Amino acid sequence: MAQHSPRPAAALGTGLASALMILTGVLGITQGIAAIANDDVYSVVGKYAFKLDVSTWGWIHLAVGALVLLTGFALFTGSILARAIGVLLAGAVLIVNFLDLPYEPYWSVIMIALNLFVIWSLFHDVGPDAA
Amino acid sequence: MAMADSEGPTPAGGSASPGGAPSSGGPSHSGESPFGGGWWTGSGDSIWASTGVNLAAVIMVITGIAGIVEGIAGIAGGDVFAKVGKYAFKLDVTAWGWIHLIIGILLLLAGIAVYGGARWARMLAVVLTGLSIVANFLALPYQPLWSIVAIGLGVFVIWALFSVPDRQESRS
Numbered sequence: 102m103a104q105h106s107p108r109p110a111a112a113l114g115t116g117l118a119s120a121l122m123i124l125t126g127v128l129g130i131t132q133g134i135a136a137i138a139n140d141d142v143y144s145v146v147g148k149y150a151f152k153l154d155v156s157t158w159g160w161i162h163l164a165v166g167a168l169v170l171l172t173g174f175a176l177f178t179g180s181i182l183a184r185a186i187g188v189l190l191a192g193a194v195l196i197v198n199f200l201d202l203p204y205e206p207y208w209s210v211i212m213i214a215l216n217l218f219v220i221w222s223l224f225h226d227v228g229p230d231a232a
Numbered sequence: 314m315a316m317a318d319s320e321g322p323t324p325a326g327g328s329a330s331p332g333g334a335p336s337s338g339g340p341s342h343s344g345e346s347p348f349g350g351g352w353w354t355g356s357g358d359s360i361w362a363s364t365g366v367n368l369a370a371v372i373m374v375i376t377g378i379a380g381i382v383e384g385i386a387g388i389a390g391g392d393v394f395a396k397v398g399k400y401a402f403k404l405d406v407t408a409w410g411w412i413h414l415i416i417g418i419l420l421l422l423a424g425i426a427v428y429g430g431a432r433w434a435r436m437l438a439v440v441l442t443g444l445s446i447v448a449n450f451l452a453l454p455y456q457p458l459w460s461i462v463a464i465g466l467g468v469f470v471i472w473a474l475f476s477v478p479d480r481q482e483s484r485s
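Residue numbers (the working numbering), protein chains in the order written: chain E, 102 to 232; chain G, 314 to 485.
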């Protein structure tokens, strides 16, 4: 990034982060749609400190997923602000998926792993021009 | 890939063997990367320049074959798939099978194209792999563990596709 050598900001450096954020954004949106439709793939959870209606979780997934998708596109500009927002959003998605894990564990596990990778990719440029 | 870190600069255009003697000279040429001319600088002649592309291509072919197998199992309607109740993305197991099969074949072909090192092939491969991940995410309720494996493979493919040197943008 900026404090490195005078190398120009590599388009490929944030390409991985962009691709991953667009991907996790789409996945979050589909996760949200399935939850808003109150599907049977979500298990019924009894007493739970963070219990919310499945539809409510769905709207949260949908809204955050849309923001992640937009940030993924914003990353194409190489903006440092987009990176910072990306880290915050990916962290938020991670925590949301941790909290609603009892409803659909597999999806949440996948989303947690993917968003960890998103955060990593936001801190590490990859590709030929990134050291 | 980790091996490359210990190799030192590989002479561009030379017939350097991967296990060549450690370089005794200074690592940097003026104006180049401080790390010298290794695979990460994208000099197309380096043996490492193709290693990353090959990695992505190999995993793509494997992921494609896995998708084809998954698709055939779905089309055959095996009992390995769970019964799913109400679901926004509910499709017949056979329909999901065809989707997996077609995406798997496309991944296999794109993986072979990536082997050629063309830039368009890599961009296409990223999009196709993303599609494969989304399809597996949606089909997860039917066979969760297959989907998890396919998604993991896909993420590895995307990483490999972005982490390889771009020969067209060689700076040497």
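Note that CB positions come from ideal geometry on N, CA and C, so glycine has one too. Being a predicted model, the structure only gives us computed values, none of them experimental.
7 Å CB neighbourhood of residue i in its chain, flanking five on each side removed
i              : result
residue 178(E) : none
residue 397(G) : 403, 454 and 455
residue 117(E) : 222 and 227
residue 152(E) : 146
residue 136(E) : 143, 155, 156, 158, 159 and 162
residue 188(E) : 220 and 223
residue 193(E) : 165
residue 390(G) : 406 and 407
Bounding residues of the alpha helix (DSSP H) (the contiguous stretch that carries residue i)
i              : result
residue 404(G) : No alpha helix (DSSP H) contains residue 404(G), which DSSP labels as neither H nor E.
residue 171(E) : 155-175
residue 116(E) : 116-137
residue 218(E) : 206-224
residue 469(G) : 457-475
Proximal residues of chain E, C-beta to C-beta of residue i below 7 Å
i              : result
residue 380(G) : Within chain E, no residue comes near residue 380(G); the closest Cβ sits about 17 Å away, beyond 7 Å.
residue 464(G) : 211
residue 461(G) : 207 and 211
Within chain G, the residues that residue i reaches when beta carbons sit closer than 8 Å
i              : result
residue 157(E) : By Cβ distance, chain G contributes nothing, its closest Cβ being about 16 Å from residue 157(E), past 8 Å.
Chain G contact residues for residue i, given Cβ-Cβ distances below 7 Å
i              : result
residue 138(E) : 401
residue 134(E) : 401
residue 142(E) : 397, 400 and 454
Short CB-CB distance (under 9 Å) between residue i and chain A
i              : result
residue 412(G) : This model lacks chain A altogether, as its protein chains are E and G.
Chain E contact residues for residue i, given Cβ-Cβ distances below 9 Å
i              : result
residue 468(G) : 121, 124, 214, 215 and 218
residue 409(G) : Under the 9 Å cutoff, chain E gives no residues; its nearest Cβ is about 14 Å from residue 409(G).
Neighbourhood of residue i by C-beta, 6 Å cutoff - its chain only, sequence neighbours within 5 removed
i              : result
residue 426(G) : 434
residue 175(E) : 183
Same chain only: Cβ atoms within 8 Å of residue i, ignoring 5 sequence neighbours per side
i              : result
residue 399(G) : none
residue 474(G) : 369, 427, 435, 438, 439 and 442
residue 215(E) : 121, 124, 125 and 128
residue 463(G) : 376, 379, 380, 383, 445, 446 and 449
Cross-chain neighbours of residue i in chain E, by beta carbon under 8 Å
i              : result
residue 471(G) : 117, 120, 121 and 124
Residues from the segment 391-405 of chain G in contact with chain E, defined by Cβ distance under 9 Å: 397, 398, 399, 400, 401, 402 and 403
Near-chain E residues of the segment 414-442 of chain G - C-beta to any C-beta below 8 Å: 439
Chain-ordered residues of the segment 441-459 of chain G with a beta carbon less than 8 Å from chain E: 443, 446, 447, 450, 451, 453, 454 and 457
Interfacial residues, the segment 367-378 of chain G to chain E, with Cβ spacing under 7 Å: none
Residues of the segment 188-206 of chain E whose Cβ lies closer than 8 Å to any Cβ of chain G, in chain order: none
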